[in-house]
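Student:
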Amino acid sequence: MSEQQSVNQILEMSNGEGGHGRIEIAPEVIEVIAGIAASEVDGIEKMRGSFASGVVERLGKKNHGKGVRVELTEEGIKVDVYCVVKFGVSIPQVAKLVQEGIRQTLLNMTALEADEVNIHIVGIQFETKLPEPEYQDEV
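Using my numbering, read the sequence shown as starting at 361 and increasing by one per residue.
(1) Considering just the uninterrupted stretch of the alpha helix (DSSP H) at G483, what are its terminal residues?
(2) Answer with buried or exposed for L457, where buried requires no fewer than 16 other C-beta atoms within 10 angstroms of its C-beta.
(3) Output the distance between the C-alpha atoms of P387 and Q464, rounded to the nearest integer angstrom.
(4) If you compare alpha carbons, which of G448, R382, G427 and E405 is closest to G395?
(5) Less than 7 Å separating the beta-carbons of I481 and V445?
(6) What residues match up with R408 in a beta bridge as DSSP calls it?
(7) Can you look up V457 in the DSSP assignment and give me helix, strand or coil?
(8) Among residues of its own chain, excluding the 5 on either side of V430, which ones have a beta-carbon nearer than 6 Å to its beta-carbon?
(9) Hey, C443 and I404 are a contact pair by Cβ (cut 8 Å); roughly how many whole angstroms apart?
(10) Name the two residues that bound the continuous beta strand (DSSP E) containing E431.
(11) Starting from E388, trace the alpha helix (DSSP H) in both directions and tell me its first and last residue.
(12) Given this structure, state the Cα-to-Cα distance separating V454 from T470, to the nearest angstrom.
(13) Distance, Cα to Cα, P452 vs I462?
Put into structure tokens, the structure is as follows:
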């Protein structure tokens, strides 16, 4: 299945017997949910985005789906998360917390289970201290 086809798909759910109709969830909604869940984990500094998403954020619009790619396949939902961690954290622990957080949040908000939640650590953010202003004694 090509990437273009997976982006245009809409995930359909039925309400079971006696339901009031069908529920459609766009992949972009899953991206936003996964992005917010990932960014809330301690140890995640930021999500990786494209140049365009960086420009959009500078103009004041937050892109919650940044750094997340969702693919709807015949096997199920595949989520890829690209993030930057803080220096000094345990990368395997943080990655596991991100996976668990995304799975639980998707389940709570959409009643969907992701078949795969792949975490890609694309960088480490070192703590930068701002230089202290120099004061001159005036006599």
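Glycine included, every Cβ here is placed at the ideal spot set by N, Cα and C. These figures come from a predicted structure and were not determined experimentally.
Tutor: Reading off the structure:
(1) For this step, residue 483 is matched to residue 123 along the sequence shown. No alpha helix (DSSP H) contains G483, which is instead part of the beta strand (DSSP E) from E476 to Q485.
(2) Taking the sequence shown and counting its residues from 1, one reaches residue 457 at position 97. Around the C-beta of L457, 16 or more other C-beta atoms lie within 10 Å, and the residue is accordingly described as buried.
(3) As a working note, residue 387 is residue 27 in the sequence shown. As a working note, residue 464 is residue 104 in the sequence shown. Going by the C-alpha atoms only, they are around 17 Å apart.
(4) Against the sequence shown, residue 395 aligns to sequence position 35. Here the closest residue by C-alpha is G427.
(5) Within the sequence shown, the letter at position 121 stands for residue 481. Within the sequence shown, the letter at position 85 stands for residue 445. The Cβ atoms of I481 and V445 lie closer than 7 Å to each other.
(6) Counted from its first residue, the sequence shown places residue 408 at position 48. Bridge partners of R408: none, in fact.
(7) Taking the sequence shown and counting its residues from 1, the one referred to as residue 457 is at position 97. Note on residue identity: the sequence assigns Leu, not Val, to residue 457. Helix, per DSSP.
(8) As a first step, residue 430 is located in the sequence shown; it is residue number 70 there, counting from the start. Excluding sequence neighbours, V430 sits near P387, I390, E391 and V439.
(9) Here residue 443 is taken as the residue at index 83 of the sequence shown, counted from 1. Here residue 404 is taken as the residue at index 44 of the sequence shown, counted from 1. About 5 Å; that satisfies the 8 Å criterion.
(10) The residue you call residue 431 lines up with position 71 of the sequence shown. Element bounds for E431: V428 to L432.
(11) The count along the sequence shown starts at 1 and reaches residue 388 at position 28. That run of the alpha helix (DSSP H) goes P387 to S399.
(12) Counting from 1 along the sequence shown, the entry for residue 454 is found at position 94. Counting from 1 along the sequence shown, the entry for residue 470 is found at position 110. Cα to Cα, V454 sits roughly 24 Å from T470.
(13) Position 92 of the sequence shown, counted from the start, is the residue given in the question as residue 452. Position 102 of the sequence shown, counted from the start, is the residue given in the question as residue 462. C-alpha separation (whole angstroms): 15 Å.
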